[in-house]
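Residue 2 is where the sequence shown starts when you use the working numbering, and the numbers rise one by one after that. This report concerns only the one structure given below.
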Amino acid sequence: MPVKENIQHFKSALPSHVTLVAVSKTKPAEMLQEAYDAGQRDFGENYVQELVDKEAALPKDIRWHFIGHLQSNKVKYIAPFVHLIHGVDSLNLLKEINKQGQKNNRVIDCLLQLHIAQEETKFGFGVEEISTLLNSGELRQYTHVSLKGFMAMASNTDNEDKIREEFRRVKQLQQQFPQYTILSFGMSGDYGIAIEEGSTMVRIGSSIFGERDYSK
Ligand SMILES: *Cc1c(COP(=O)(O)O)cnc(C)c1O
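Below, the structure is given as structure tokens:
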């Protein structure tokens, strides 16, 4: 896989208001270094231990995005350095992030995950839940968390209209809360639609690093 060329391609193809997060889960540090050498600084990882190992091995100016499902008992391992936690899908998790932010004397940027896909396995809050939570003012007590926006994953389908409609729901939610400006949606298969529907941050894995092999 020509990682360098792929990074250069995305850097020139994406509109300037869209941040490219290179999703490097399961890929070796050498491949991340290649992307880094091509100028890439934002990387997304799904597994805590893998992220901790890569953070230790790679340049310190990388902005590490945690994009997977995060268990509360593992927040402490990434709290000292994580740049943005995308998949905040429960109030309990948010409380723990706040606690670990406090311990590390930093404010941790977060996105609330919105459940838009038809699959039941995908994590996240419903639209109503998020509206209620944000209108309640309850988040103000979490002084070591800074909410920046919303993250979502569309259904795994070829039906572009369905994907578009799902992304549109995230944008509509954000329009109710315009102070939260980051919209993290769009992956290798659907980033084009995502950008048309208002994404400001795309998470691209296989189109940069090649297909993942989970069998190893
Ligand atoms: C793996 C993953 C991606 C990247 O998926 P690709 O289809 O390889 O681009 C994006 N977002 C999340 C949450 C992921 O787990």
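All C-beta atoms in this analysis are idealised placements derived from N, C-alpha and C, irrespective of residue type, glycine included.
Under 7 Å from any heavy atom of ligand 1, does the C-beta of residue i make it?
{"i": "Ala208", "result": "The question names Ala, but residue 208 is Ser in the sequence shown. Checking the Cβ of Ser208 against ligand 1 gives yes."}
{"i": "Gly199", "result": "no"}
{"i": "Gly40", "result": "no"}
{"i": "Arg64", "result": "no"}
{"i": "Gly190", "result": "yes"}
{"i": "Lys55", "result": "no"}
{"i": "Ile205", "result": "yes"}
{"i": "Asn47", "result": "yes"}
{"i": "Val24", "result": "yes"}
{"i": "Met154", "result": "yes"}
{"i": "Ile68", "result": "yes"}
Between residue i and residue j, is the Cβ-Cβ spacing less than 8 Å?
{"i": "Lys26", "j": "Arg204", "result": "no"}
{"i": "Ile109", "j": "Leu174", "result": "no"}
{"i": "Gln114", "j": "Met152", "result": "yes"}
{"i": "Arg169", "j": "Glu198", "result": "yes"}
{"i": "Ile183", "j": "Ala155", "result": "no"}
{"i": "Gly206", "j": "Ser189", "result": "yes"}
{"i": "Asn93", "j": "Tyr143", "result": "no"}
{"i": "Ile194", "j": "Glu166", "result": "no"}
Between which residues of its own chain and residue i is the CB-CB distance below 8 Å, once the five residues before and five after are set aside?
{"i": "Ile196", "result": "Leu15, Pro16, Val19, Gly187 and Val203"}
{"i": "Lys5", "result": "Glu35, Ala36, Asp38 and Ala39"}
{"i": "Val22", "result": "Asp43, Phe44, Gly45, His66, Ile68, Ser185, Met202, Val203, Arg204 and Ile205"}
{"i": "Leu140", "result": "Leu95, Leu134, Val146 and Leu148"}
{"i": "Ser13", "result": "none"}
Alpha carbons only, please: which of the options is nearest the one belonging to residue i?
{"i": "His257", "options": "Lys28, Glu31, Gly40 and Glu120", "result": "No information on residue 257 is available, as it lies outside the stretch 2 to 217 that the chain covers here."}
{"i": "Asp218", "options": "Ser73, Ala23, Gln142 and Gly125", "result": "Lying before the first or after the last residue shown, residue 218 is absent from the chain, which here runs from 2 to 217."}
{"i": "Gly69", "options": "Leu112, Gly127, Asp62 and Ile63", "result": "Leu112"}
{"i": "Asp62", "options": "Asn74, Lys75, Arg42 and Ile209", "result": "Arg42"}
{"i": "Leu71", "options": "Leu92, Tyr48 and His84", "result": "Tyr48"}
{"i": "Tyr192", "options": "Arg64, Asn157 and Leu92", "result": "Asn157"}
{"i": "Arg1", "options": "Val24, Pro3 and Glu161", "result": "For the chain, the structure presents residues 2 to 217; residue 1 sits outside this window and is missing."}
{"i": "Lys149", "options": "Gly127, Glu120 and Leu135", "result": "Leu135"}
{"i": "Gln119", "options": "Arg107, Met32, Glu51 and Lys163", "result": "Lys163"}
{"i": "Tyr215", "options": "Gln103, Glu121, Ser13 and Lys28", "result": "Lys28"}
{"i": "Arg107", "options": "Glu121, His84 and Gly88", "result": "His84"}
Identify, in the order they occur along the chain, each residue of the same chain with its Cβ nearer than 6 Å to the Cβ of residue i, setting aside the five sequence neighbours on each side.
{"i": "Lys77", "result": "Gln101"}
{"i": "Asn105", "result": "Ala80 and Pro81"}
For residue i, which residues of its own chain have a beta-carbon under 7 Å away from its beta-carbon, when the five flanking residues on both sides are left out?
{"i": "Ala30", "result": "Lys55, Ala58 and Leu59"}
{"i": "Gly127", "result": "His116"}
{"i": "Asp159", "result": "none"}
So residue i and residue j are supposed to be a Cβ contact under 8 Å. How far apart are they, rounded?
{"i": "Phe44", "j": "His66", "result": "7 Å"}
{"i": "Val53", "j": "Ile86", "result": "The pair is not a contact, with the Cβ atoms about 14 Å apart (cut-off 8 Å)."}
{"i": "Ile209", "j": "Asn74", "result": "Between Asn74 and Ile209 the Cβ distance is about 31 Å, and since that is not below 8 Å, they are no contact."}
{"i": "Leu95", "j": "Val171", "result": "Between Val171 and Leu95 the Cβ distance is about 18 Å, and since that is not below 8 Å, they are no contact."}
Residue i CB to nearest chain C CB: under 8 Å?
{"i": "Ser147", "result": "In summary, chain C is missing from the structure at hand, where a single protein chain is found."}
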